[in-house]
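Novice:
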Amino acid sequence: MVAVSAPVTRRLPSRSYITGAVLLAWIALWVFLNGRDTLPLGGAQLTPLHTRFGEGADVIDANRDSNPVFLYFVNYIRLFIDATVTSVQALISRPSFGRPVPLAGWLGVTGVATAIAYLYGNRKVAVLTAAGFVSFGLLGLWEESMDTLALTLTAVALSLAVGIPLGVWAGLSDRFNRIVTPVLDFMQTMPTFVYLAPLTLFFLIGPASATAATMIYAIPPAIRLTAHGIRQTPPATLEAAEALGVTGGQALRKVRLPLAKQTIVVGINQTIMAALSMATIAALIDAPGLGKTVLKALQTLDVGTAFNAGLAIVIMAIVLDRVTSAASRRVEIAHRTGRSGRRRLRRVETAVTAVVAVVLVYLSYTYVWAAEFPAGADVGSYVRRGADAASGWAQETLVAYTNGLKNAITYALLNPFEALLAHSPWWLVAVVAVALALLLAGVRASITAAVGCVLLVALGLWHDSMVTLATTLVATLLVMVLGVVLGVWMGRSDRVDRILRPVLDAGQTMPAFVYLVPILGLFGATRFTAIIAAVVFAAPVSVKLVAEGIRGVPHTAVEAATAGGASTWQLISKVQLPMARAGITLAASQGLIYVLSMVVVGGLVGAGALGYDVVAGFSQYQLRGKGLAAGLAIVVLGIVLDRIMRAAAARAGGSSATR
Amino acid sequence: MAATRKYGPRVLALVTGAGLLLSGCGGAKVGESQAASDGKGGCGTVNLAINPWVGYEANAAVIAYVAEKNLGCTVVKKDLKEEVAWQGFGTGEVDAIVENWGHDDLKKKYMDEQKTAVSGGVTGNKGVIGWFVPPWMAEKYPDITDWKNLNKYADLFKTSESGGKGQLLDGDPSFVTNDEALVKNLDLNFKVVYAGSEAALITAFRQAEKTKTPLLGYFYDPQWFMSEVKLVKVNLPEYTEGCDADAEKIACDYPVYDLDKIVSKKFAGSGSPAYQLIKNFTWTNDDQNLVAKYISEDKMSPEDAAAKWVNDNPGKVKAWLPSS
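Keeping their order, the protein sequence lines are chains A and B.
Note that my numbering has the first sequence beginning at 1010, numbered continuously upward.
Note that my numbering has the second sequence beginning at 156, numbered continuously upward.
What follows is the structure, encoded as structure tokens:
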């Protein structure tokens, strides 16, 4: 039946009729079967699989001191990473070599950072860098910021040292690429909380574990984007090189790598952002820096102090992002114009900048005023008080409206949706999922969906997975509403872009732990609070991608429509949105992945289900196996949803092109 | 020039790493590098785990202050979750945990099986776990503090999360809860909702008291928030020895925990004066709540808070010091 209908469903209408019929049948069956075979599992209940997972960790603990893998391999990696972080800290953040201050003080570090920004980026980002670094001092968080920077830079350097070669390999070999892609998916969707405690079994308590945790999350973009860059080399260029008798190694060094350079720099940018986003979570295993300040403040619900430290993280992220982006643009320009004719000028410029930086470092090495940030210039206390006041005001005055909003969305959207997913028999949901995947995305996706459903049942967390899925889908829906509205607005106006972009950057990089308390005050410990946290984090990505898509619509099309007398509304709905379809699909799938990565944070604010299972597994020894299972369930949800959406998008794109 | 500077840290790191690789041919053993304390009469270094709650921080701050000022120790504080801290005993990275709530499973693993940890005696604090309501509710509905009346008020506690039943807000993930079993076995018309963090529980209670909205939730004492809003405990059927033996059938209140200290075996045998100090350390819930209040409400640093308390209570401190 499926095989017969497949060619017919090429036309959109009949396919959407069948989809509608499947959904209606689901609702009809739900009425009768509501509450049967839902496979619930209580908060403290375990399955035999969970117990076995938990015992796995004990094996590592028991064999650490006798197993040769540990003695000669893991322990050396640990010593190496510890030494690396400590030496960077000695350089910029911690008192070292018998001095009461680090080797380079605030003036030296700011000078060097500004010089790098100037030489690799441009004048504008150099000014931004200087201002950013000075602001760390002004916020009263110089040492903490430098600790975070030290850890981030070490993790990024090591991630690139491992990731770029692997990326090149994945770019050259299809087979390796196929093997490594699911592994990277796994690394990016597995919640950090799951592997944080086991990591300390491998690398013990200290910088090594924190660095390793950061690297697990930060390596994937480096590998992916490097591979992507290598693959992009035009075949014609390669053929030309081959015709000239170039060997494989030469082709890589002289042709592929230079052409991939810009994409690789984008990968470095993504790696830095990912590494920085781990600053707070790594603090749970004693990673030094700003994250500790945030977590300590959360213990006493001190919103002001948490915001102050969160602000420093946001500033660091924006500085690093803008500098690497500028560097990537510079690479692109250099590539397009060929070798610059003004090499001599460039050399003079480099030398002067370097000399200035060295002088500043020397000053900060020698004099106290340049080593320790002057304590008198304290902006931090104003920021703290301001954030406290704002949070208090919001919780007091807005709570009447926010409660209404929460109830409206929960009762109208979330509860019915959750009832349908979590209170249907598991086999009914599985059949519907497979059918929908088949209709919308094809045979392969439906197999993925089937395997995913079986895995969720096997993990013993079906019910929790469905509750989490309901929350995730509602959050993604809200993300897309925001994404399209703000994205269109931003894509059509450069001025709006300039105003919105820093706000979006802040939403993406501000650690969720900072705004946990205000949103809890506004919405209570509920699933809706978890949705808000997810939207704050995920909407920026979707907004940016939609805006990118709108901007990518050819000018000629827009001009033609305007000349034809289309109103603004018609222009958006008939021309710009349809033509930006690829960008919008990408925005939806990325939005979904970002929402999923907030499931654990959701567990901290009342979402329960998988997020809570992971958090409790991290905190309670006897629940560690269940936490691991919940982490795996999140990975399964992520990979299944991602594959279905990608296949559906490819199919929709394909059919719209053929029409 | 610029290029070499950019790669500076990485090169330095590589050289350091290579040096380490060459120098340690025998295979580095975990725990060898960190001598917990040298035990040669002096105090040396003491590694204190800092678990993430303010009451713990208060214990640790006072112990650290006395160890540094009176005994000349170097105290290294490490911010760790409970289970990770216990792991650290075996590797010498943690010498002491100074407020432990029960954790019989961890005691079994690290004291009885691995034999890396030993008891350091009680802290003198009594840990109470249970169900609480905000004070305004206890005033308005005086009989709510008896569990038998909870069903009568169940409607008050309905929320968007509780599916038509009353909501029991649970779930600081660090604490063991029997609440799902309790609700079932006591036949209560309530649904357990997992708040998921201490911050969520405190914010919920704070809002409930401020806006006079009903709330029933899991909480515990000593906790700094109790000095801001004195929550009122709901009495469940009284705890008797062994009534919590079968987790599925629990129908009684939580036991009162004697909070205690755990130290690593190595540290206990080192003869360090800091070990004597930690072993002797005891104080009352009021003492801890006071220091916790200095930290949480008065926003003092833990060091300043400890200094203030120690200067105000010289007699108590003197009793902790090693006799020699």
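Glycine included, every Cβ here is placed at the ideal spot set by N, Cα and C.
Among all the DSSP beta bridges, which residues are the ones paired with residue 204 of chain B?
Specialist: For residue 204 of chain B, which the question treats as bridged, DSSP gives the partners B/233.
Novice: Only counting the same chain, and skipping five residues up and downstream in sequence, which positions put a Cβ closer than 7 Å to that of residue 178 of chain B?
Specialist: Note that residue 178 of chain B scores 39 on pLDDT, short of 50, meaning its location in the model is unreliable; the coordinates nonetheless yield the value given after this. Closer than 7 Å at Cβ, skipping near neighbours: no residue.
Novice: What residue does the alpha helix (DSSP H) around residue 1374 of chain A start on, and which one ends it?
Specialist: Looking at the DSSP string, the run of the alpha helix (DSSP H) that includes residue 1374 of chain A is 1352-1375.
Novice: May I ask you to list, following chain order, the residues of the segment 1618-1640 of chain A that have a beta carbon less than 8 Å from some beta carbon of chain B?
Specialist: Answer set for the segment 1618-1640 of chain A: 1620, 1621, 1624, 1625, 1627, 1628, 1629, 1630, 1631, 1633.
Novice: Does the beta carbon of residue 1307 of chain A come closer than 8 Å to any beta carbon on chain B?
Specialist: Yes, its Cβ sits closer than 8 Å to a Cβ of chain B.
Novice: Using beta-carbon positions only, say whether residue 341 of chain B and residue 406 of chain B come within less than 8 Å of one another.
Specialist: For residue 341 of chain B and residue 406 of chain B, yes; Cβs fall inside 8 Å.
Novice: Comparing alpha-carbon positions, which option in B/214, B/225, B/199 lies nearest residue 473 of chain B?
Specialist: Measuring from the Cα of residue 473 of chain B, the nearest candidate turns out to be B/225.
Novice: Counting contacts by CB-CB distance shorter than 8 Å, is residue 1420 of chain A in contact with chain B?
Specialist: It does; some Cβ of chain B falls within 8 Å.
Novice: Under 8 Å between C-beta atoms, does residue 1232 of chain A make it to chain B?
Specialist: Answer no: the Cβ-Cβ gap between residue 1232 of chain A and chain B never drops below 8 Å.
Novice: Between residue 1326 of chain A and residue 1518 of chain A, which are expected to be in contact by the criterion C-beta below 8 Å, what is the C-beta distance as a whole number of angstroms?
Specialist: Confirmed, Cβ separation roughly 4 Å.
Novice: What are the start and end residues of each continuous alpha helix (DSSP H) run of 4 or more residues lying completely inside the segment 318-396 of chain B, in chain order?
Specialist: Segments of the alpha helix (DSSP H) lying fully in the segment 318-396 of chain B: 334-340, 353-366.
Novice: How about the segment 1538-1545 of chain A and the segment 1338-1345 of chain A: do they share at least three Cβ pairs that are nearer than 8 Å?
Specialist: Counting Cβ pairs under 8 Å, fewer than three are found: no touch.
Novice: At 4 residues or longer, what runs of the alpha helix (DSSP H) sit wholly inside the segment 1398-1448 of chain A?
Specialist: If we require 4 residues or more, the alpha helix (DSSP H) runs fully inside the segment 1398-1448 of chain A come out as 1408-1418, 1424-1431.
Novice: Measure the CB-CB distance between residue 266 of chain B and residue 273 of chain B and report whether it falls below 8 Å.
Specialist: Yes, Cβ-Cβ distance for residue 266 of chain B and residue 273 of chain B is below 8 Å.
Novice: If we ignore side chains and look at the alpha-carbon of each, how far apart do residue 1545 of chain A and residue 1222 of chain A end up?
Specialist: One C-alpha to the other measures close to 24 Å.
Novice: Return the CA-CA distance between residue 440 of chain B and residue 462 of chain B, expressed in angstroms with no decimal places.
Specialist: The alpha-carbon atoms of residue 440 of chain B and residue 462 of chain B are separated by roughly 18 Å.
Novice: Do you know whose CA, among A/1622, A/1438, A/1551, lies nearest residue 1036 of chain A's CA?
Specialist: Of the listed residues, the one whose Cα sits closest to residue 1036 of chain A is A/1438.
Novice: If contacts are defined as beta-carbon pairs under 8 Å, then residue 1153 of chain A and residue 1302 of chain A qualify, I think. What distance do you get, rounded to the angstrom?
Specialist: Yes, residue 1153 of chain A and residue 1302 of chain A are in contact; Cβ-Cβ is about 6 Å, under 8 Å.
Novice: Thinking residue 387 of chain B and residue 300 of chain B are a contact (beta carbons under 8 Å), I'd like their distance in whole angstroms, please.
Specialist: Contact flag correct, Cβ pair sits at about 6 Å.
Novice: Give the interface partners of residue 235 of chain B over in chain A, defined as CB-CB distance under 9 Å, in chain order.
Specialist: Ordered by position in chain A, the residues that pass the 9 Å Cβ test against residue 235 of chain B are 1209, 1214, 1293, 1294, 1295.
Novice: Taking 6 Å as the limit between beta carbons, can you name the residues of its chain near residue 1269 of chain A, skipping five residues before and five after?
Specialist: Once the five neighbours on either side are set aside, the close Cβ partners of residue 1269 of chain A are 1238, 1239.
Novice: With three or more beta-carbon pairs closer than 8 Å as the criterion, would you say the segment 1434-1449 of chain A touches the segment 1559-1567 of chain A?
Specialist: No, they do not touch.
Novice: Can you tell which of A/1597, A/1309, A/1276, A/1422 has the C-alpha that lies nearest to the C-alpha of residue 358 of chain B?
Specialist: Per the Cα distances, A/1309.
Novice: Leaving out five residues on either side along the sequence, give the residues of the same chain with a beta carbon under 8 Å from the beta carbon of residue 1505 of chain A.
Specialist: Answer for residue 1505 of chain A: 1498, 1499, listed in chain order.
Novice: Whose C-beta lies closer than 8 Å to the C-beta of residue 1530 of chain A among residues of the same chain, with five residues either side of it excluded?
Specialist: Excluding residues within five positions, the ones whose Cβ falls inside 8 Å are 1400, 1403, 1404, 1408.
Novice: If you draw a straight line from the C-alpha of residue 470 of chain B to the C-alpha of residue 1151 of chain A, how long is it?
Specialist: Taking the straight line from one Cα to the other gives about 39 Å.
Novice: Within 10 Å of its beta-carbon, does residue 270 of chain B have 16 or more other beta-carbons around it, so buried, or fewer, so exposed?
Specialist: Answer is exposed; the Cβ neighbour count stays below 16.
Novice: List the residues of chain B that residue 1114 of chain A touches, going by C-beta distances under 8 Å, in chain order.
Specialist: Near residue 1114 of chain A there are no residues of chain B at all, since even the closest Cβ is about 17 Å away, more than 8 Å.
Novice: Given a cut-off of 8 Å on the beta-carbon distance, is the pair residue 1087 of chain A and residue 1213 of chain A in contact?
Specialist: Against a cut-off of 8 Å, the Cβ pair of residue 1213 of chain A and residue 1087 of chain A comes out as a contact.
Novice: Can you give the Cα-Cα distance for residue 212 of chain B and residue 434 of chain B, rounded to whole angstroms?
Specialist: Between residue 212 of chain B and residue 434 of chain B, the C-alpha separation is close to 17 Å.
Novice: Quick one: give me the first and last residue of the beta strand (DSSP E) that residue 287 of chain B is part of.
Specialist: Looking at the DSSP string, the run of the beta strand (DSSP E) that includes residue 287 of chain B is 272-288.
Novice: Quick one: what does DSSP say residue 419 of chain B is sitting in, helix, strand or coil?
Specialist: It is a strand residue.
Novice: Going straight from the alpha carbon of residue 1170 of chain A to that of residue 1056 of chain A, what length do you get?
Specialist: Cα to Cα, residue 1170 of chain A sits roughly 41 Å from residue 1056 of chain A.
Novice: Confirm, please, whether the CB-CB distance from residue 242 of chain B to residue 1289 of chain A is below 8 Å.
Specialist: In this structure, residue 242 of chain B does not lie closer than 8 Å to residue 1289 of chain A by Cβ.
Novice: Under the three-state reduction of DSSP, which class applies to residue 1192 of chain A: helix, strand or coil?
Specialist: It is helical.
Novice: Within this structure, are the beta carbons of residue 1483 of chain A and residue 1426 of chain A separated by less than 8 Å?
Specialist: Result yes, Cβ atoms of residue 1483 of chain A and residue 1426 of chain A sit closer than 8 Å.
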